[in-house]
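J.:
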Amino acid sequence: MKLVTSDAHLQEELWRPKLRGPTTVKMTSNTAHYFVRMMQHNLARSTTALEETMKVAAERRIDVLALQEPPLRGGQVVGLGSRARSFSGALVPRSIILILNPGWDGMLMASCSTGDVVVVKLTTPGGVFVVISAYLSPNEPHEGPLNLLDRALFSARNNGAIVMGDFNAWATQWGSSRDTPRGQEVQLWAAGHSLIMLNRPELGPTFSNVRGSSNIDLTFVTQEFSALRWKWSVAFCTASDHALIEVSSELQQPGGPMVKAPIRYNTRRAPWRAFRAEVESRMIDYSLAEEGCALGGAEAVNDLQQVLLQAADLILDRRGTRGTRAPPWWNSDLDALRMQRNSSRRAWQRGADGRNSRALSSAWRSSSREFKRALRRAKRASWRAFVGEELNQDPWSVPYRVFRGRYGADNAVGELDVGGRPAVSLEEAGQHYLRTVFPVDDPETDTQEEAELRVATRVAPSATNMPPWTMEQLDLAIGCFGRNKAPGLDGLDMAMVKEAPLSYRRALLEVFNRALQTGEFPPQWKVASIKTLLKSPQNDPTDANSYRPISLVPVNGKILERLMLNSMEPALLASLHRHQFGCVPGRSTDDAIATAKNMVRQSTAKIRMLIFFDIAGAFNAVWWPCVLRRAQRLGLPSNLFHLLSSYLSGRRAELWFKNSVVSQDVSRGCPQGSVLGAAIWNLVFSELLTVLDANGLQAVAYVDDLALFVEADTAEQLEVVATEGSRLVVEWARSAHLAVAPAKTSALVLRGTKAVRDNAGFLVDGVMVRASLTARYLGVEMHQNMLMYAHLNALRGKVISLTRLMHGARGADWGAGFSVVKRYYSAVFMPTVLYAAGNWWTKPSQKARHVVQRLQRAALVPLCRAYRTSSTAALQVIAGEAPLDLVLDARVAICSIEHPERTTAAVRRDLQVEIDQHESDQRKIGAVRSWLLDAWQDRWDSATTGRLTHQYFPSIRDRMNAGWFVPGYLMTQLIGGHGNFNGKLFFFRRRAAAGCPCGRAEENAEHVVRNCRLYVAARRRWLRGSRIDGELAELLGSKEEFARMEAFCREWHAIRGEGPQLAAD
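Residue 721 in UniProt numbering sits at position 721 of the sequence shown; the count goes up by one each step and never skips.
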């Protein structure tokens, strides 16, 4: 899409050939003209057709695609790309709409959309209009879809609409040879809405196959677009039987100011030396505004920001919003095969009724199959090369985010319901979302007590002012942040601040100290850009509370918040309750879980229960006077209190779309994503724990997660105590202008009879809540019988996702190297499994040990590039990773040594004996690590599987010291014994015979390495002998021996091949 003004010399492309994005243009006339390009295509469930369509769309810079019958895999549409925003009205759609233009917004009109009809309202720089994609099945009644189209057109009555679809209707009006009843119905439907048909029958049919051709793919526009000149073209250029239809026109829109999206700069590989020099030169002209100057703080902030922004504009590249580009795997060979297929198709179409029809049809189908195979090979090879190149440079780059499901279009709030009906515009949805997640504080509704509190919190404590911050304190605050912190609306990146010269940091320190002196937090740093994250795929996307608001505030404001927090922290920590653990230095989730479990264990009551409360919208709704009241009691310095009070006033949240923005003043809450947010919440939440203590109740808090412990000797007493505790929580929440969500409150009876465990209940704000069998607390699944199987079942689901990452990153002969995938194992898989092990890995049974080893096996197979039949014991040794159950045993022991207060699991007896022989913690930890290797060695020596691998690595310590050993696809087969060997595959019924091609013995890994006559030359060349009669461990005894073994593996594979027979004699 490009913009053309009425003056010819001002014509300008909005998108470069490879980089597309919304651009702000200064208008010099009253009217702007926007070219819109759209395509419609029935893909006939063909992935090849979709790939071709996406390529053509990228080449022709298409803005919107209306697709029918997209390819499905497992009920999901596949092959759409990560950046294309897709809209559909059902889980298994037959019609979808893709927005490819990164500068356009789209909102699904859910009330008019189903699997066959999808309606999307587009907001573009050229105006607002509706696009409809429809599919009317030839084997199903057409009345339902037509009625739905009626509703869609009625909803779009105030905007123009474009209807594109496969109607499967024949009528002479659009070039068919006859009129059918459906065709007549579609004509009447179009006439009833005064639709204008864009089809041009003289250009040819829109559908053609061996049975004939017809015009069944139709395009209509409403009367609002009647004055426009539409271009409609048709071409058979994909694997589908339907033609690819392109529709384009020029939209007129009155000129005016366009919304300028926040600027982002590329700081990953920036020329920082030039950037620092430019900032240094610009700092010469910078001077802090005088103290008496009106708005001096705001002006100083603006001037200082401009120093970095102007230098960034000159030196750094801007991050563009990438649109759809031609697939990187497309090559000239594919172009040639595609031209050959299209040519054979045209030849068949021209001679379909002739004598050579059968031969022409066969040639077309043959060329289609060849093109499809070549396309798949090219795509697979390109992706594998990309994965290997990217991950070997940066393990956390794009492929990692793709495998983890963290790469793609942003979550939008366009699907929200407003007042029981779908939102009619993105702006309405955005305003509804902001009103929901950021409730307004209305002083007129205050009680007398609340009004008095509001007035009282305006008075600062009588403490003296704190001294100005120093450069050392500023450097410490800046060092607390990573380089890649997301910028706020000003576009400044944390990397820019870190790379800025000393002169800039000195000026920044002056601004911070001016804010401290005046007690005014700069207003620019109080504006947050809101990013929405769907909390869970299972959440209702039409509910505003299903989205978590993340506040992106300016990085300079974050640094000032960090300075404030560092100054407040001593008094803040001293005021927190002893059972508060979230975002508190030296305290973790392990502490919270252990404290809750110890409450249960140390009680002597017959019945003991934990209640897990959910505070609805806790961070976004906390009442600021409550925060300031607690801050007054801390005795903060007067100027710091005034700065905190200014921080909690005049805030604003902005929700940005592609072409518009909605905002709302914020008068409550702790900004999620800010530095002070968690500290402010802890400050307020500590009051509740104090209230519960005063009433003889114990509770554990981790940020806004509250676990209340109640105990009694009878079921009746338990209900009374639990109800009373719940009442205290609810009343405190109301005093802080918060609310408890009874529907999300859960409970677990951990001691008591089975009848009590199954039937215990209590009231939460008038709603009865029943105890459950399991409950999730801080990421650990807790069972009423204190069993670990509930947590192991939850781990199984996480491990499936993690192993998908490892399988995707590394194949038999492609992908990331062993060191990269082992990094995933160490940094992603192991922390997930070992999380809070000191509180759930308690006296594991043999069944539990087998379960965790199966979890480990799922990760070791892709790590070693091993066959799925390989033994777990062998894979552990090949990968150099100890059995997971033993690692968990060692983890519990180390936790009990380093942090006994956060460990509730018992250390196994034989390990405890080893620990007790030492006095210092360092020696105890060393004894645990030594025990781990010894226990692994004992298990390895007595195992019944992996015996061939045992010949290569009889000693576990030798294996752990063999840093040069890097397992791969071929090496793992020969030392693991499972691979392309007739003997092993015959055992699994994958081969007809077990004999070796040499004809002398059963083919297995040991026979291949030791004495198979087919590899005599290879053994002489690499293994120093025609036969190997000695110990196999000698073949991997050093780095040089390992290199020779690798060479032998490659030659063995070259001779043997992958199939059942030899590749060469």
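Think of the CB as a built atom: it goes at the ideal place given N, C-alpha and C, for glycine as much as any other residue. Computed from a prediction, not measured in an experiment: that's the story for all the values here.
Per DSSP, which one or two residues make a beta bridge with Q68?
T.: Bridge partners of Q68: N42 and S95.
J.: Assign F35 to one of three DSSP states: helix, strand, or coil.
T.: Reduced to three states, the DSSP call for F35 is strand.
J.: In this structure, does DSSP put E250 in helix, strand or coil?
T.: E250 falls in the strand class under three-state DSSP.
J.: For the alpha helix (DSSP H) that contains N139, what are its first and last residues?
T.: No alpha helix (DSSP H) holds N139; DSSP gives it neither H nor E.
J.: Less than 7 Å between C-beta atoms, sequence neighbours within five positions excluded: which residues of the same chain meet that for Q517?
T.: These residues qualify, in order along the chain: N639.
J.: Give the secondary structure of P967 by DSSP, where H, G and I count as helix, E and B as strand, and everything else as coil.
T.: Of the three classes helix, strand and coil, the one that applies to P967 here is coil, per DSSP.
J.: Does the beta-carbon distance from L476 to R505 come in below 8 Å?
T.: Contact flag unset, no.
J.: Contact check, T869 vs F988 under 8 Å by CB: the rounded distance?
T.: Correct: roughly 6 Å between the Cβ atoms.
J.: By the DSSP assignment, the beta strand (DSSP E) with P844 in it spans what residues?
T.: Taken as a continuous stretch (DSSP letters only), P844 belongs to no beta strand (DSSP E), as it is neither H nor E.
J.: For F1048, does the three-state DSSP call read helix, strand or coil?
T.: Three-state DSSP puts F1048 in a helix.
J.: Alpha carbon to alpha carbon, how far is E389 from L860? Give it in angstroms, no decimals.
T.: Their backbone Cα atoms lie some 22 Å apart in a straight line.
J.: Where does residue 1093 fall in DSSP's three states?
T.: The structure shown does not extend to residue 1093, since the chain is modelled only from 1 to 1065, so the question has no answer here.
J.: Check the C-beta distance from D166 over to D217 and give it rounded, since I have them as a contact under 8 Å.
T.: The pair is a contact, with the Cβ atoms about 5 Å apart (cut-off 8 Å).
J.: Is E1003 helix, strand or coil when you go by DSSP?
T.: Correct three-state label for E1003: coil.
J.: May I ask you to list the residues that DSSP assigns as paired with Q917?
T.: Answer by DSSP bridge pairing: none, since Q917 is not bridged.
J.: On the CB-based measure, 16 or more other CB atoms within 10 Å of its CB, does C996 come out buried or exposed?
T.: C996 comes out buried.
J.: Taking the C-alpha atoms as reference points, what is the distance between T745 and I975?
T.: Rounded to the nearest angstrom, the two C-alpha atoms are 53 Å apart.
J.: Report, in whole angstroms, the separation of the C-beta atoms of A594 and N839, which I expect to be a contact under 8 Å.
T.: With 8 Å as the limit, A594 and N839 qualify as a contact, their Cβ atoms being about 6 Å apart.
J.: Which first and last residues belong to the beta strand (DSSP E) in which G160 is found?
T.: Taken as a continuous stretch (DSSP letters only), the beta strand (DSSP E) holding G160 covers G160 to D166.
J.: Over the uninterrupted beta strand (DSSP E) stretch that includes R548, give me the two end residues.
T.: Taken as a continuous stretch (DSSP letters only), the beta strand (DSSP E) holding R548 covers Y547 to L552.
J.: On the criterion of 16 or more Cβ atoms from any shown chain inside 10 Å, does Q698 qualify as buried, or is it exposed?
T.: So Q698 ends up on the buried side.
J.: For a test of the three-state rule: what should DSSP assign to D885, helix, strand or coil?
T.: DSSP places D885 in helix when its eight states are reduced to three.
J.: According to DSSP, is Y407 part of a helix, a strand, or is it coil?
T.: In this structure, Y407 counts as coil in the three-state DSSP scheme.
J.: Compare the Cα-Cα distances from T842 to each of N539, I925 and V907 and report the closest residue.
T.: Checked all of N539, I925 and V907; the closest Cα to T842 is V907.
J.: Using C-beta distances below 6 Å, list every residue in its chain close to A790, excluding the 5 sequence neighbours before and after it, in chain order.
T.: Here the set comprises T774, E781 and H783.
J.: Starting from the C-beta of A794, find all residues in its chain whose C-beta is less than 6 Å away, skip the five residues before and the five after it, and write them out in chain order.
T.: For A794, where only same-chain residues beyond five positions count, the Cβ hits under 6 Å are E781.
J.: Can you tell me whether D889 is buried or exposed? The criterion is at least 16 other CB atoms within 10 Å of its CB, across all chains shown.
T.: Classification for D889: buried.
J.: Please classify S930: is it buried, with 16 or more other beta-carbons within 10 angstroms of its beta-carbon, or exposed?
T.: Burial call: exposed.
J.: Given W272, which residues of its chain have a CB within under 6 Å of its CB, disregarding the five upstream and five downstream residues?
T.: The residues are E499.
J.: So, at 6 Å on beta carbons, what are the nonlocal neighbours of E1003 in its own chain, with the 5 sequence-adjacent residues on each side left out?
T.: Excluding positions up to five away in sequence, the list reads F981, N982, G983 and C996.
J.: Is the distance from the Cβ of V820 to the Cβ of P141 below 8 Å?
T.: Cβ atoms of V820 and P141: not closer than 8 Å.
J.: Which same chain residues, not among the five before or five after G160, have their C-beta less than 6 Å away from its C-beta?
T.: Only F129, T222, E224 and F225 meet the Cβ criterion.
J.: Taking the C-alpha atoms as reference points, what is the distance between G256 and G126?
T.: The predicted model places G256 with a pLDDT of 46, which falls under 50 and marks its position as unreliable; any figure quoted below should be read in that light. Going from the Cα of G256 to the Cα of G126 covers about 11 Å.
J.: Go to E724, then tell me how far its alpha helix (DSSP H) extends in each direction, as first and last residue.
T.: E724 -> alpha helix (DSSP H) spans A715 to S735.
J.: Taking the DSSP output, what are the residues bridged to D705?
T.: DSSP output for D705 lists D614 and Y702 as bridge partner(s).
J.: With distances taken between CB atoms, is the gap from C583 to V675 smaller than 8 Å?
T.: No.
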